[in-house]
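Residue numbers (numbering that gives the first Met the number 0): 0 to 357.
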Amino acid sequence: MDEKIKEALLIRNERIIKAVIEKSKRVCPDSVALVGIYGSFATGDIHDKSDLDLFIVIDDSKGYRIGSCFILGDVAHDIYCTTWQQVEEMAKYSTPYISRLMDLNIVYYRYDKQLQRFMELRGEAEKRLSSPLNERDLSSILTHFEHAQKSLADLVISEEYCVVKYESAKLINSIEMIMYLINKSYVSLGSRHIPEEIERMRELPIGFLDHYRSLIEADALSSIKKNATSLMRCTKEKIEEIKYRVKGKKKLDSQGLTGSYEEIYSNWRNKMELAAKTGNKYLSLMTAASCQRFYDEMREEYEGVSIDLMKHFDINDLQRSARMFDEAMEEYRLLYDVNSVKVKKYRTIEEFEEDYLR
């Protein structure tokens with residue numbers, strides 16, 4: 000950049016900052032805690048149309064009086080204020096948009112204690128960034144994945160190009176946040192550099208960059224939907240891997256198993272049999288799916304449980320589906336044998352009464 004242009008921009012910035020501080024002292028003298036610069040003028044990535052990004056932390060609502068949005072020449076600026084509660088949320092690192100906390104160039108603060116409070120919050124964020132992935136991180140990742148799933152659903156069912164392209168952008172944003180969180184990093188160079196930062200990340204799903212670039216560049220409904228689905232699929236696989244890494248799985252034992260086989264029998268087995276006898280495809284499908292959810296929950300919680308009932312489900316042969324259900328149940332019952340658990344089954348009501356009332 001031409002040095003004269005750069006110097007003019009810096010002088011402009013200095014005058015804006017002085018004006019903000021002067022106005023704060025006049026209209027809300029006890030409200031502004033600190034003022035700092037972030038964005039392009041903090042990173043040095045500036046051009047002749049760069050605006051001044053100010054981060055103003057306020058102690059009370061009177062501080063909003065200094066807020067303003069205006070166009071100076073042909074560059075727009077926004078002066079907006081942030082509460083301490085919002086800064087505290089940044090420190091929790093639930094999204095990667097925390098550069099204002101991490102890289103802020105502080106140019107003014109009213110009292111030392113306010114600067115100290117800000118630096119302590121930055122320290123909390125630094126600690127979270129330097130620690131291994133944990134359940135708090137996983138919870139944030141899953142929240143952003145839910146947003147991505149909604150965007151995927153909305154773009155898949157739409158045939159309007161404007162809707163599909165818009166939802167693909169929302170999906171991309173959610174997936175980007177997930178990648179930052181997985182890699183314990185944050186958006187440090189501004190939104191236009193996000194693809195570059197992601198390309199340098201250490202941990203990405205297999206095939207991620209190809210799907211990511213293809214979705215950004217996709218220009219037809221079919222290609223947007225295809226690449227959005229592929230991007231979501233590989234991201235989901237990575238999240239499943241992280242779930243296992245973060246949460247681990249408990250060792251299956253008698254305590255975890257006792258009563259579960261009987262629960263399968265009670266909730267689903269006879270419904271599958273009834274569906275097969277009556278030809279009720281709806282009942283068969285929903286029963287099998289409900290039982291599969293139970294198996295999946297056990298698989299997520301315990302080692303050694305991996306039963307895929309739906310793999311063998313056939314909506315056009317309900318008798319076969321019922322047999323496959325029983326085979327899956329038997330596969331699950333064998334876990335009882337391995338863990339020395341007996342199925343609680345009685346031939347008569349008298350046997351039940353004798354055992355239950357013992």
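Even for Gly, the Cβ is constructed at its ideal location relative to N, Cα and C.
Secondary structure within the segment 16-97: the alpha helix (DSSP H) runs of 4 or more consecutive residues, fully enclosed, are 39-42, 83-90 (chain order). In this structure, the straight-line span from the alpha carbon of K280 to that of Y294 is close to 21 Å. Of all alpha-carbon atoms in R109, E175, K183, D307, the one lying nearest the alpha-carbon of R191 is that of E175.
Of the residues assessed, I181 falls on the buried side of the cut-off, its CB having 16 or more other CB atoms within 10 angstroms. Here P95 is buried. Its C-beta has 16 or more other C-beta atoms within 10 Å. For Y110, the secondary structure class from DSSP, reduced to helix, strand or coil, is coil. Linking T81 to Y301 through their CA atoms gives a straight-line distance of about 45 Å.
Classified as buried, L51 has 16 or more neighbouring CB atoms from the shown chains inside 10 Å of its CB. In the three-state DSSP reduction, Y211 falls in the helix class (H, G or I). Residue pairing for Y301: DSSP places it in a beta bridge opposite K249.
Secondary structure at I4: helix, using DSSP grouped into helix, strand and coil. In the DSSP annotation of this structure, the continuous segment of the alpha helix (DSSP H) that includes F351 starts and ends at 348-355. With the rule of 3 Cβ pairs closer than 8 Å, the segment 338-352 counts as touching the segment 251-268. Given a length threshold of 4 residues, each whole run of the alpha helix (DSSP H) inside the segment 271-346 is given here in chain order: 280-300, 317-337.
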